[in-house]
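Positions 572 to 653 (the working numbering) are the ones given, in order, by the sequence shown. Note that beta-carbon positions come from the ideal geometry of N, C-alpha and C, so glycine has one too.
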Amino acid sequence: MKQGDRVEARIVALDQRGAWVEHQGIRAFVPLAELAWYEIEHPTVSLGVGDLLRVRLVKKMGDGFWECSVRRVDEDVDDAGT
572 MKQGDRVEAR
582 IVALDQRGAW
592 VEHQGIRAFV
602 PLAELAWYEI
612 EHPTVSLGVG
622 DLLRVRLVKK
632 MGDGFWECSV
642 RRVDEDVDDA
652 GT
């Protein structure tokens, strides 16, 4: 997988900061602000463990995890990570 890729990922955990998702054994994090275009107080209000999300890989973090975005799924590839 590489930056800018769009993938279907399954939610494996939710907390006040966002959603942890997994795709083909690779874990990624979707920050709360990147989950939707509208304000979400807590991800459990509209999401649940096991749900599928279409996400865009934004950047690989130092710990090996990817940061992802639901909001950026429809952006042009050249705009990813900006």
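query                                                                                 : result
Endpoints, beta strand (DSSP E) assigned at S617                                      : Element bounds for S617: n/a, residue is neither H nor E.
Buried versus exposed, by CB contacts within 10 Å (16 or more), H613                  : exposed
Proximity winner among V620, L628 and S640, relative to P602 (alpha-carbon distances) : S640
Residues sharing a beta bridge with E579, DSSP                                        : R625
Within 9 Å, strictly: CB atoms of A599 and L618                                       : no
C-beta contact flag for V696 and R581 at 9 Å                                          : There is simply no residue 696 to check, as the chain begins at 572 and stops at 653 in what is shown.
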